[in-house]
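Visitor:
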Amino acid sequence: MSTVPPPPPGGYPPYDPKTQWRIYREQQKAAWRAQRDSAKAQAQAWKMNYKGCYGPRVPSVVGPIILIAAGVIWMLVYSGHIVAADFWSWYSRWWPMLLIVAGLALLGEWALDVRRAIPVRRSTGFVGILIFLAILGLCASASTHMGNIAGPWNWGNDNGDLFNMFGLPEHETDEQPIEQTVPSNASIDIENPRGDVSVTAEAGSTLKIEAHEIAYANSDSAAQKIFDAEKTAVKINGSSVLVQSVGNDHGRVNLAVVVPAGAHVTINAQRGDVAADGIGAGIDITAPHGDVKVNTITGGVQAHLSSGEFSVHNVQGDVTGEGSCGDLTFADVKGSLTLSCNFFNDMHMERVSGAVHFKTSKTDVQIASLPGDLSLNDDSLNITEATGTVRVVTHSRDIDLSQIYGDTFVENSAGSIAISPAGAYNVEARNTKGDVVVTLPPNASGTVDGRAHNGDIVTEYALTISGSTDKTVNGRIGAGASRIVLSSSNGDLHIKKGTAFPATPPPPVTAAPPAPPAAPAAPNARHLKVGKEPPSPPVAQ
4 MSTVPPPPPG GYPPYDPKTQ WRIYREQQKA AWRAQRDSAK AQAQAWKMNY
54 KGCYGPRVPS VVGPIILIAA GVIWMLVYSG HIVAADFWSW YSRWWPMLLI
104 VAGLALLGEW ALDVRRAIPV RRSTGFVGIL IFLAILGLCA SASTHMGNIA
154 GPWNWGNDNG DLFNMFGLPE HETDEQPIEQ TVPSNASIDI ENPRGDVSVT
204 AEAGSTLKIE AHEIAYANSD SAAQKIFDAE KTAVKINGSS VLVQSVGNDH
254 GRVNLAVVVP AGAHVTINAQ RGDVAADGIG AGIDITAPHG DVKVNTITGG
304 VQAHLSSGEF SVHNVQGDVT GEGSCGDLTF ADVKGSLTLS CNFFNDMHME
354 RVSGAVHFKT SKTDVQIASL PGDLSLNDDS LNITEATGTV RVVTHSRDID
404 LSQIYGDTFV ENSAGSIAIS PAGAYNVEAR NTKGDVVVTL PPNASGTVDG
454 RAHNGDIVTE YALTISGSTD KTVNGRIGAG ASRIVLSSSN GDLHIKKGTA
504 FPATPPPPVT AAPPAPPAAP AAPNARHLKV GKEPPSPPVA Q
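All residue numbers for the sequence shown refer to our numbering, where the first residue is 4 and numbers rise by one.
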């Protein structure tokens, strides 16, 4: 029989529900902590066992291979060994192969890993790169269907076919020359989707065509099929003449065409250079992926470009260019010169009798006439000897205008402005973050109104300078015939005395025209002979 222990001295403490609830909560918390620590211990043990079973994490070779391939391709495009337009055209078709190759590489790695005694874990950090390249491929495919995607990325000319990057042999042949009588004032349209076009003119009414075909194929029979598809055809409808070659992705045709001297010529060369000389009734050129060189043209010149160089010499009419291109060179243009394009290298022009107007993304230049010369690059704009009004709006360039026979307006920022008028002509120059220097001739006559914010004012004439942070210069030079307004923010104003220029521009000295462009040279590759050719005569040693 059990006995109940006696109560403690003083008796049991009175019952307190709050104390009992607090004790219960502490017991529950202790049990929860014990359960958490047990779970952590189990997870740590499982993790250690997982690492022991599978070994360390090993990076996949797919990511580095993709980065190396992308770097090599970009370097080849930038150096001009691969044409950007052709690469994007190729990539827009074949980008799914990238996913296939990456998947095969992963399967190969998996096959090797499962054979290991302790399999490894492969990282998948390159998946983001694959997704990006896939999106880029989709965009390239969409852009290819909508039009040309090369734009300013096309650093080289399309002198070959991108599919030949796989090393297919080159085959060559010459088509039978074509001679046909056409109207002496015919409109001749030359269409060549792949290949160079060289056009010259001579007296008479005979159209002459020499076509040099190139094919990329593994066999002569495959090359012959390409040649057959590239044959040049001539269609005559009254005074309209169409010269057309049918290009394909595995070949090109270089055309050398002689037209009547009085013919108007239109050339559409999608992938190749264009050279024209001696055309007598103007020329219209479309060359998205090639250089354009024209010389000794009677009539106007119109060019539609996307890349390459644009060179014009000795033109008796107006010159118009639009699009994007590399170097620009113009000399001895008797008409106006209008350009609406972006260019990515240098521009030089000299002896332009008509008005000059060109506009790019950051520069707008208008000149009434340019008997002297103009040079423009990324850093500077220099104009020497211009007549009539000169207007320049740009930024981030140093501007130097010298011997200007007319009013001048210049607006610039982040660069300097230097103006040397040839007489008492109006000058207005506004600059932000740069100096303004005006050099006046000894017979200067003008009223000066100048302001400089956070800059100094230096003058070699007796003019009034006032202010501290915001300085002003005012006064009259000579009779005050012209108006000189200058403004500079975060730069200095300089008004100098210069030397005298001739009262009128000197007569232009026309440079001798360069030699006519030669017909495109055949690449150095073996020939696929079509038919029998007579043996070549012996060459005297």
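Heads up, the beta-carbon is just placed ideally off N, CA and C, and yes, glycines get one too. Note that the structure is a prediction, hence the values are computed from the model and not measured.
Sorted by chain position, which residues of the same chain lie with C-beta nearer than 6 Å to V336's C-beta, five sequence neighbours on each side aside?
Guide: Numbered from its first residue, the sequence shown carries residue 336 at position 333. So the qualifying residues of the chain are V318, V322, V355.
Visitor: Based on DSSP bridge pairs, tell me the residues matched to T341.
Guide: Here residue 341 refers to the residue found at position 338 when the sequence shown is read from its first residue. Answer is T323, H360, bridged to T341.
Visitor: Applying the criterion that 16 or more other CB atoms from any shown protein chain within 10 Å of the CB defines a buried residue, is M352 buried or exposed?
Guide: For the purposes of this step, residue 352 is identified with residue 349 of the sequence shown, where counting begins at 1. Counting Cβ neighbours within 10 Å, M352 comes out buried, since at least 16 surround it.
Visitor: Can you check which of these residues, T442, E414, P445, is closest to E431 by C-alpha distance?
Guide: In the sequence shown, residue 431 corresponds to position 428, counting from 1. Per the Cα distances, E414.
Visitor: If you draw a straight line from the alpha carbon of G338 to that of H292, how long is it in whole angstroms?
Guide: Here residue 338 refers to the residue found at position 335 of the sequence shown. Here residue 292 refers to the residue found at position 289 of the sequence shown. Roughly 27 Å separates the two Cα atoms.
Visitor: Ordered along the chain, which non-local residues of its own chain (more than five positions away) have a Cβ less than 8 Å from that of E463?
Guide: The residue labelled residue 463 in the question sits at position 460 within the sequence shown. Hits under 8 Å: I498, K499, K500.
Visitor: Classify V441 as buried or exposed, calling it buried when 16 or more other Cβ atoms lie within 10 Å of its own Cβ.
Guide: Looking up residue 441 in the sequence shown gives position 438. It counts as buried.
Visitor: Going by C-alpha to C-alpha distance, which of W77, I282, M350 sits closest to A189?
Guide: Taking the first residue of the sequence shown as position 1, residue 189 is located at position 186. Among W77, I282, M350, the Cα nearest to that of A189 belongs to I282.
Visitor: Once the 5 residues before and after S378 are set aside, which same chain residues still bring their CB inside 6 Å of it?
Guide: The residue given as residue 378 occupies position 375 in the sequence shown. Cβ within range, chain order: H351, N385.
Visitor: Can you name the residues that DSSP bridges to A279?
Guide: On the sequence shown, position 276 is the one that residue 279 refers to. Note: A279 sits in a beta bridge opposite V202, V297.
Visitor: Relative to the C-alpha of E233, which residue among P172, D177, V488, G391 is closest?
Guide: Against the sequence shown, residue 233 aligns to sequence position 230. Of P172, D177, V488, G391, the residue nearest in Cα terms is D177.
Visitor: Give me the residue from A108, L101, E175, E112 with the minimum Cα distance to L139.
Guide: In the sequence shown, the residue the question calls residue 139 occupies position 136. Ranking the options by Cα distance to L139, first place goes to L101.
Visitor: Below 8 Å on the Cβ atoms is my contact criterion, and I expect G449 with R486 to pass it. Report the Cβ-Cβ distance as a whole number of Å.
Guide: Counted from its first residue, the sequence shown places residue 449 at position 446. Counted from its first residue, the sequence shown places residue 486 at position 483. About 6 Å separates the two Cβ atoms, so the contact holds.
Visitor: Sort out for me which residues DSSP pairs S243 with in a bridge.
Guide: Position 240 of the sequence shown, counted from the first residue, corresponds to residue 243. According to DSSP, which records beta bridges pairwise, S243 is partnered with S190, N240.
Visitor: Give the straight-line distance between the Cα atoms of V185 and D287, rounded to the nearest whole angstrom.
Guide: One-based indexing of the sequence shown puts residue 185 at position 182. One-based indexing of the sequence shown puts residue 287 at position 284. Using only the alpha carbons, I get a separation of about 19 Å.
Visitor: Does DSSP put K21 in a helix, in a strand, or in coil?
Guide: Taking the first residue of the sequence shown as 1, we reach residue 21 at position 18. Helix at K21.
Visitor: Report yes if the CB atom of A259 is closer than 8 Å to the CB atom of E205, and no otherwise.
Guide: Within the sequence shown, residue 259 is the residue found at index 256, counting from 1. Within the sequence shown, residue 205 is the residue found at index 202, counting from 1. No; because the gap between Cβ atoms is not below 8 Å, this pair is not in contact.
Visitor: Would you give the residue range spanned by the alpha helix (DSSP H) that G478 belongs to?
Guide: In the sequence shown, the residue the question calls residue 478 occupies position 475. No alpha helix (DSSP H) contains G478, which is instead part of the beta strand (DSSP E) from 473 to 480.
Visitor: Whole angstroms are fine: how far does the CA of V396 sit from the CA of G74?
Guide: Taking the first residue of the sequence shown as position 1, residue 74 is located at position 71. Taking the first residue of the sequence shown as position 1, residue 396 is located at position 393. About 38 Å.
Visitor: Check the DSSP bridge columns for H316 and list the partner residues they point to.
Guide: Indexing the sequence shown from 1 puts residue 316 at position 313. Answer by DSSP bridge pairing, in chain order: N298, A334.
Visitor: If contacts are defined as beta-carbon pairs under 8 Å, then T203 and V261 qualify, I think. What distance do you get, rounded to the angstrom?
Guide: Here residue 203 refers to the residue found at position 200 when the sequence shown is read from its first residue. Here residue 261 refers to the residue found at position 258 when the sequence shown is read from its first residue. Yes, they are in contact, since the Cβ atoms of T203 and V261 sit about 5 Å apart, within 8 Å.
Visitor: Could you have a look at D403 and say whether DSSP puts it in helix, strand or coil?
Guide: Here residue 403 corresponds to residue number 400 of the sequence shown, with the count starting at 1. Three-state result, D403: strand.
Visitor: When you compare only the Cα positions, how much space is there between G437 and I480?
Guide: Your numbering for residue 437 matches position 434 in the sequence shown. Your numbering for residue 480 matches position 477 in the sequence shown. Cα to Cα, G437 sits roughly 25 Å from I480.
Visitor: Have a look at G320, V237, S187 and flag the residue whose alpha-carbon is nearest the alpha-carbon of P180.
Guide: For the purposes of this step, residue 180 is identified with residue 177 of the sequence shown, where counting begins at 1. Cα-wise, what sits closest to P180 is V237.
Visitor: Which partner residues of I286 appear in the DSSP bridge assignment?
Guide: Here the question's residue 286 lines up with position 283 in the sequence shown. DSSP output for I286 lists V268, V304 as bridge partner(s).
Visitor: Could you check if A521 is buried or exposed, using at least 16 other CB atoms within 10 Å of its CB as the buried criterion?
Guide: Start at 1 with the first residue of the sequence shown, and residue 521 comes out as number 518. At A521 the pLDDT is 46, less than 50, meaning the model places this residue with poor confidence; the figure from the coordinates comes in the next sentence. Exposed: under 16 other Cβ atoms inside 10 Å.
Visitor: State the DSSP-derived secondary structure class of G501, mapped to helix, strand or coil.
Guide: Against the sequence shown, residue 501 aligns to sequence position 498. It is coil, neither helix nor strand.
Visitor: Only counting the same chain, and skipping five residues up and downstream in sequence, which positions put a Cβ closer than 8 Å to that of S224?
Guide: In the sequence shown, the residue the question calls residue 224 occupies position 221. Excluding sequence neighbours, S224 sits near nothing in its chain.
Visitor: Between the alpha carbons of W77 and L70, how many angstroms are there, rounded?
Guide: Counting from one through the sequence shown, the residue named residue 77 turns up at place 74. Counting from one through the sequence shown, the residue named residue 70 turns up at place 67. About 11 Å.
Visitor: To the nearest whole angstrom, what separates the beta carbons of I402 and P424, a pair I think is in contact under 8 Å?
Guide: Here residue 402 corresponds to residue number 399 of the sequence shown, with the count starting at 1. Here residue 424 corresponds to residue number 421 of the sequence shown, with the count starting at 1. Contact doesn't hold; Cβ gap of about 14 Å is too wide.
Visitor: To the nearest angstrom, how far is it from the Cα of L496 to the Cα of T435?
Guide: Here residue 496 corresponds to residue number 493 of the sequence shown, with the count starting at 1. Here residue 435 corresponds to residue number 432 of the sequence shown, with the count starting at 1. About 12 Å.
Visitor: Quick check on DSSP: helix, strand or coil for D161?
Guide: Sequence index remark: in the sequence shown, residue 161 carries index 158 (1-based). Because D161 sits at a pLDDT of 42, beneath the cut-off of 50, its placement in the model cannot be relied upon, and the following sentence gives the value as read from the coordinates. Three-state DSSP puts D161 in coil, outside helix and strand.
Visitor: Per DSSP, A218 forms a beta bridge with which residues?
Guide: For the purposes of this step, residue 218 is identified with residue 215 of the sequence shown, where counting begins at 1. Answer is H174, G254.
Visitor: Which of the three DSSP states, helix, strand or coil, is assigned to P9?
Guide: Here residue 9 refers to the residue found at position 6 of the sequence shown. DSSP places P9 in coil when its eight states are reduced to three.
Visitor: Give me the Cα-Cα distance between T467 and N446, rounded to the nearest whole angstrom.
Guide: As a working mapping, residue 467 is identified with position 464 in the sequence shown. As a working mapping, residue 446 is identified with position 443 in the sequence shown. Those two C-alpha atoms are separated by around 20 Å.
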